[in-house]
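This report refers to the structure that appears directly beneath it.
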Amino acid sequence: MAIPVKADLSANWQLDENIIFLNHGSFGATPTLILEEQRRWQNLMETEPVRFFEEIAPKALLESRKAVSKLLNCDYDDLALIENATSGVNTILRSLEFNPGDEIVVTNHTYQACRNSLDFIAKKYSAVVVVCEIPFPVKSSQIIIENVLSCVNKNTKLAMIDTVTSPTGLKLPFEKIVKNLESLGIKVLLDAAHGIGMFPMDINEIGASFTITNCHKWLCSPKGTAIMHVRRDLQGLIHPLTISHGMTFPLGETTRFRHEFDWTGTRDISAWCVLPFLINFLDNLIDGGLNEIMLRNNKLVLKGREILCDKLNIEKPCPDDMISCIATIKLPGAAENGIPLHEPDPLHLSLLEKYKIQVPVWYWPNPEGRYLRISAYLYNHESEYEYLADALLELLNKV
Ligand SMILES: Cc1ncc(COP(=O)(O)O)c(C=O)c1O
């Protein structure tokens, strides 16, 4: 088996050089320079905490919202900095109110943590969760649009739609789904945990009621950084999970939404302060900036998927245009039936222990089997996917 190499750009990250890291999709990975910049903000905070929180932080966070709003094409006053996609989804779901019998649509590929929040809310209000089945393998985006639309009716109040599905790595036709549903008066909560930094996003054009996107995945920010967008007409409905001073603070020239989300208690906000520096860093990392990074990652994951499918003799489970920077394949052979998502598959452990490859493997029920998801980021190299394919051939042939 040929020993894989790392891309030259991997020197910008402090990832363990003994590990073939093919799982950017779970938690991202932050370049060393960005972690140093975060440390600089932490030092500033500890030099004069009162001045930091009262004077420096509000200005810094405004700059962060402005920087991010340019990438997302939306008004920075409609954005809130939050910790992660899970808390964003909870913020929206736990703010909204439902009547008994109201329907909430979600797909069977949705992220389980977000599904749990939805089930929790549905139970509280006696609302009904309608699960839209998306086939996998899937031949085209059109089937997904049709399936989602067939699940809505006059009782549907909300749909929680992913940009890219976590277990199956499908880039959903979310722009079309959102347009269709919002035009029917159904609010869409867009779970763009895989969003900013993965592909260009135009929030104004998409038009979802609520959008949550993680910066710590594809924008490589320090952990605990995500963005929530709430459409102006709906901001009165949405409150942070933590109610704080902003609830009663004199309104002045701003909105209650701003007051409530700009302060939810004392915490380390250094990761959020880094955003303008980070975006500038990525834009200058390679010719073509962030757009080129997204294109390269997409190209590399498609190449990685092709290598795996060729060597393992498997059909690609979806067309190339439904792939962004993560890709899932169904592995040949029998599944370790019924291993729940949160428990490690023994194959994952063998890949890690024997071959030093960090890549997720999980059981998925429909169709039942064992699935593997690759990611690609600038620090990855084609040879790493070759190596993964060879390792899989060795391991699977032994079973
Ligand atoms: C589709 C989707 N939603 C939500 C999340 C949760 O993200 P976080 O752990 O940052 O809250 C993930 C994480 O992988 C995801 O893939």
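Under this note's numbering, the first residue of the sequence shown is numbered 105, with each subsequent residue one higher.
In this text, a Cβ means the ideal position worked out from N, Cα and C, and glycines have one as well.
Please read all numbers here as calculations on a predicted model, not as lab measurements.
Local conformation of residue i per DSSP, three classes
i	result
Val109	coil
Phe504	For residue 504 there is no data in the structure shown, the boundaries of the chain being 105 and 503.
Gly205	coil
Trp376	helix
Pro162	helix
Gly473	strand
Ala296	strand
Leu200	coil
Asp449	coil
Ile430	strand
Asp266	strand
Ser454	helix
Ile418	coil
Cys218	helix
Leu176	helix
Cys413	helix
Ile225	helix
Val463	coil
Val256	coil
Ser244	coil
Ala171	helix
Ala480	coil
Ala115	helix
Ala184	strand
Thr272	coil
Close-in-space but distant-in-sequence residues of the same chain around residue i (CB under 6 Å, 5 per side omitted)
i	result
Ile229	According to the sequence shown, residue 229 is Tyr rather than Ile. Within the same chain, Tyr229 has close Cβ partners Phe202.
Arg350	The residue asked about is misnamed: residue 350 is Gly in this sequence, not Arg. Same-chain partners within the cutoff: His363, Glu364, Trp367.
Leu338	Ser313
Lys275	Val268, Met426, Ser428
Ala217	Thr190
Ala431	Gly273, Val405, Arg409, Ile478
Leu499	Ser454
Met149	Phe156
Val242	Cys422
Any non-hydrogen atom of ligand 3 closer than 6 Å to residue i Cβ
i	result
Asp266	Only ligand 1 can be found as ligands here, which leaves ligand 3 out of the picture.
Buried or exposed by the 16-neighbour rule on C-beta atoms within 10 Å, applied to residue i
i	result
Asn127	buried
Thr352	exposed
Phe399	A small correction: the amino acid at residue 399 is Leu; Phe does not occupy that position in the sequence shown. Burial call: exposed.
Ile411	buried
Thr508	Because the chain here runs from 105 to 503, residue 508 falls outside it and cannot be looked at.
Gly356	exposed
Glu250	exposed
Thr260	buried
Ala106	exposed
Thr317	buried
Inter-residue CB distance, residue i and residue j (contact presumed, cutoff 8 Å)
i	j	result
Gly328	Asn188	7 Å
His213	Thr269	4 Å
Leu482	Ala111	6 Å
Thr195	Leu294	With a Cβ gap of about 14 Å, Thr195 and Leu294 do not count as contacting.
Cys178	Ile265	Contact doesn't hold; Cβ gap of about 18 Å is too wide.
Cut-off 7 Å between Cβ atoms - residues of its own chain near residue i, not counting five sequence neighbours on either side
i	result
Phe303	Met398, Ser428
Cβ neighbours of residue i in the same chain (closer than 8 Å, five flanking residues each side left out)
i	result
Leu165	Leu185, Asp366, Ile373, Trp376, Cys377
Lys280	Ser245, Ile249
Lys460	Asn122, Ile123, Ile124
Cys413	Glu419, Lys420, Ile433
Every unbroken alpha helix (DSSP H) inside the stretch 125-153 [4 residues or more]: Inside the stretch 125-153, DSSP marks whole alpha helix (DSSP H) runs of 4 or more residues at positions 128-131, 136-151, from first to last along the chain.
Within the stretch 283-369, ranges of the beta strand (DSSP E) (whole runs, at least 3 residues): As summarised for the stretch 283-369, the continuous beta strand (DSSP E) elements at least 3 residues long and confined to that stretch are 291-296, 314-318, 330-334, given in chain order.
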